[in-house]
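Trainee: What follows is a single structure, and I will ask about it in a moment.
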Amino acid sequence: QGKRDLQGKKILVNAGGTREFIDPVRFIGNPSTGKQGIAIAKAAIHRGATVTLITTSNSPLPMGEAPPSVRVVRTSAEMHQVMLEEFPFADITIAAAAVGDVRSKITSDRKLPKSELPLNLELEYIPDIVADLSKRKRPDQILVGFAAQTGTEQEVMVAAKDKLIRKGLDAIAANAVNSSQTGFGTDTNQATFINKDGKFLSTPLCSKLELAHRLLDFLL
Ligand code: C5P
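Take the position in the sequence shown, starting the count at 1, then add 185; the result is the number in the UniProt record's numbering.
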């Protein structure tokens, strides 16, 4: 792994799970810890890339000879804003973050007393960040998503291919989150990478860092 094959490339990575606040002490969230996205940032730095990491995670950030520029966000709206700002500068964008799908329609800046909490929370859909980026994508840019799915290998692949097309991505990493060794919070992972030409490659069960290197190999 002494390769410097990403020298001169600018890579934008997002990581972690967004929190959609109802009030300052309550949110709708997901179990993502940001480990896979941070591993991608680390791998890309190691291979000579200039990395910008947008993360919701407080977990240890990649340090090394070329520390990345790191921006920490909390909500999907903040993530969206920062991704729009950084996207034009990126050669490759890898969206590993678990961005929420829904949020509360009403939010409060002060903590709501229990008696004021609505028992039927009215929700709204959250705009899809990668789908928005794909509309702004230049031909020289590469945009990669992740698809965390439950279900059989076949079901995971079908859902990931659908997302690849629907969101206008160049490639997607499909990974099952219904096993104790893959997905949220684990140190290991397994994925199938699919590109828009239908080429695909499955990784073995491996560390998140190794999976990151295999993804970068696939993209190159
Ligand atoms: O549809 P699903 O959430 O499974 O798609 C996952 C991919 O889409 C990930 O790359 C994730 O970062 C991205 N996404 C997004 N904005 C959303 C939801 C998902 O960019 N609101």
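Glycine included, every Cβ here is placed at the ideal spot set by N, Cα and C.
Would you check whether the ligand C5P has a heavy atom nearer than 6 Å to the C-beta of K348?
Mentor: yes
Trainee: Apart from the five residues on each side of it in sequence, which residues of its chain come closer than 7 Å, Cβ to Cβ, to I379?
Mentor: A345, K346, L349, A356, I357, A359 and F385
Trainee: Could you round the C-beta distance between T237 and S254 to whole angstroms and report it? I think they count as a contact, below 8 Å.
Mentor: 5 Å
Trainee: Out of D317, T292, K320 and S387, which one is the CA nearest neighbour of E309?
Mentor: Relative to the Cα of E309, the nearest Cα in the group D317, T292, K320 and S387 belongs to T292.
Trainee: Whether or not the stretch 187-204 and the stretch 273-284 are in contact is what I'm after, with contact meaning three or more pairs of Cβ atoms, one per stretch, closer than 8 Å; do they touch?
Mentor: yes
Trainee: Provide the residue(s) that pair with N360 in DSSP beta bridges, ordered along the chain.
Mentor: A333
Trainee: Say the cut is 6 Å; is the CB of A332 nearer than that to a heavy atom of the ligand C5P?
Mentor: yes
Trainee: I'd like the span of the beta strand (DSSP E) that includes K195, first residue to last.
Mentor: K195 to A200
Trainee: Does the pairing of the stretch 263-276 with the stretch 209-222 give three or more beta-carbon distances under 8 Å?
Mentor: Segments in contact, no.
Trainee: Let me know the beta strand (DSSP E) ranges lying completely inside the stretch 282-308, each 3 residues or longer, listed in chain order.
Mentor: Runs found: 287-289.
Trainee: Could you tell me the boundaries of the beta strand (DSSP E) in which R211 lies?
Mentor: Its beta strand (DSSP E) spans residues R211 to I213.
Trainee: Report yes if the C-beta of I379 is less than 6 Å from at least one heavy atom of the ligand C5P; otherwise report no.
Mentor: Using a cutoff of 6 Å, the CB of I379 does not count as near the ligand C5P, since none of the ligand's heavy atoms is closer than that.
Trainee: Once the 5 residues before and after K296 are set aside, which same chain residues still bring their CB inside 7 Å of it?
Mentor: D208, P209 and V210
Trainee: So what's S254 in DSSP terms, helix, strand or just coil?
Mentor: It is a strand residue.
Trainee: Between the Cα of H189 and the Cα atoms of F331, K220, R232 and A224, which residue gives the shortest distance?
Mentor: In the sequence under discussion, the amino acid at residue 189 is Arg, which differs from the His named in the question. Checking every option, the nearest Cα to that of R189 belongs to R232.
Trainee: In terms of alpha-carbon separation, which member of I223, I196 and D317 lies closest to E395?
Mentor: I223
Trainee: Quick check on A234: does DSSP put it in helix, strand or coil?
Mentor: coil
Trainee: For L400, collect the residues of the same chain with a Cβ closer than 7 Å to its Cβ; drop the 5 residues on either side in sequence, then sort them by chain order.
Mentor: I225, A358 and F378
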